[in-house]
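Taking it in order: structure first as structure tokens, then the write-up.
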Amino acid sequence: MDKRLESFKRLLDIMDELRDKCPWDREQTFDSLRNNTIEEVYELVDAASEGDMDEVKKELGDLLLHVVFYSKIGSEEGYFDIIDVCEAECDKLIYRHPHVFSNAGAENSEEVTKSWEVLKQKEKDRKGGVMSGVPKSLPPVVKAYRIQEKASAIGFDWKNKEEVWKKVQEEVQEIEHEVQNMNLDKMEEEFGDLLFSIVNAARLYGVNSEKALERCNKKFITRFEYIESKAKESGRDIKQLSAEEMEAIWQESKSRKL
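Residues in the sequence shown are numbered from 6 upward in steps of one, following this note's numbering.
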């Protein structure tokens with residue numbers, strides 16, 4: 006037997022036994038697994054971001070377990086089984102890659118992306134419009150990026166990416182106006198519009214906003230921890246530092262390329 010099939014069969018057999026004999030595994034449902042699945046996805050993303058391939062391997066295994074787990078529950082309830090899941094995915098991949106599995110051509114990844122979105126909309130079982138495929142539970146920054154990708158795929162996008170900066174500036178001005186009026190509801194709306202336009206600008210310049218923001222988060226944490234360490238060296242808590250002292254140490258951390 007192919008080693009890949011052998012390993013997958015082993016996982017399926019283990020899942021069958023766990024579902025039959027383990028009290029915890031036996032009690033799980035689609036709903037009860039949901040939060041754990043989300044956690045596993047984020048753990049995989051963390052491992053990939055850190056470049057820790059050993060952890061990536063482990064987290065991929067955990068995520069695969071969830072695919073098998075959901076398929077097992079689906080089989081028990083008469084909805085689908087792991088074969089249905091695999092076959093549906095194979096059919097979808099073949100359909101969405103005509104440049105690989107038929108005579109259709111695609112010269113670059115941009116053409117592939119546009120074709121992918123168009124084909125998704127043509128699928129017979131697709132309900133709703135262009136935006137119907139955007140998961141409601143996606144984190145807002147990721148969701149904004151996917152919304153913009155889908156709109157772009159059908160031609161709704163800036164002709165010249167430089168034009169997006171006028172939109173960004175417009176949103177900043179609208180925020181400033183609402184801040185002067187102290188209208189919290191409108192301020193929230195305008196901040197949302199600004200964030201959306203920033204994500205759009207990043208996309209147009211080939212930057213992933215989620216990745217960019219996380220990079221900034223990590224940098225901030227590193228520099229903030231540097232301030233904490235300097236405070237401890239002086240025998241004080243960070244709360245005892247003045248704003249001027251914290252700023253000076255912050256600038257020091259920047260000069261050290263932290």
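Where is the CB? At the ideal position from N, CA and C, for every residue including glycine.
For residue i, is the classification buried or exposed, using 16 other Cβ atoms within 10 angstroms of its Cβ as the cut-off for buried?
i	result
E176	buried
F74	buried
K77	buried
R241	exposed
E195	buried
Q153	buried
I226	exposed
R208	buried
A149	buried
N186	exposed
A109	exposed
I19	exposed
For residue i and residue j, I'd like the C-alpha separation in whole angstroms.
i	j	result
C91	D30	23 Å
S214	R101	26 Å
M58	V105	29 Å
D86	V72	10 Å
F35	E82	11 Å
L264	E238	Past the edges of the chain, shown from 6 to 263, lies residue 264, and the structure says nothing about it.
I232	G56	27 Å
L246	K125	56 Å
K155	E122	7 Å
N40	L263	34 Å
L69	T42	10 Å
Identify whether residue i lies in helix, strand or coil by the three-state DSSP scheme.
i	result
L263	coil
D57	coil
M20	helix
Y47	helix
V139	coil
R208	helix
S247	coil
R9	helix
T227	helix
A93	helix
F267	Residue 267 falls outside the range modelled here, since the chain spans only 6 to 263, and no answer is possible.
T42	helix
By Cβ distance, which residues of its chain are closer than 6 Å to residue i, with the 5 residues on each side in sequence left out?
i	result
K235	I254
L200	none
L23	D30
D67	E45
P144	none
Taking residue i as the reference, give the member of the options with the closest Cα.
i	options	result
V212	D190, E179, H182 and K166	K166
M192	L199, L124 and E183	E183
M136	R151, V146, V204 and P145	R151
L98	E181, V117 and K8	V117
Using a Cβ-Cβ cutoff of less than 8 Å, which residues in the same chain neighbour residue i once the five nearest sequence positions on both sides are dropped?
i	result
V61	L49, A52 and A53
M251	I232 and I243
S260	none
R15	none
Suppose the cutoff is 7 Å on Cβ atoms and the five residues either side in sequence are ignored; what does the same chain contact list for residue i look like?
i	result
E4	A query on residue 4 cannot be resolved here, the shown segment of the chain reaching from 6 to 263 and no further.
L17	V73 and I87
Please report whether the beta-carbon of residue i lies at a distance below 8 Å from any beta-carbon of chain C.
i	result
S37	Looking for chain C here will not work: only one protein chain is present.
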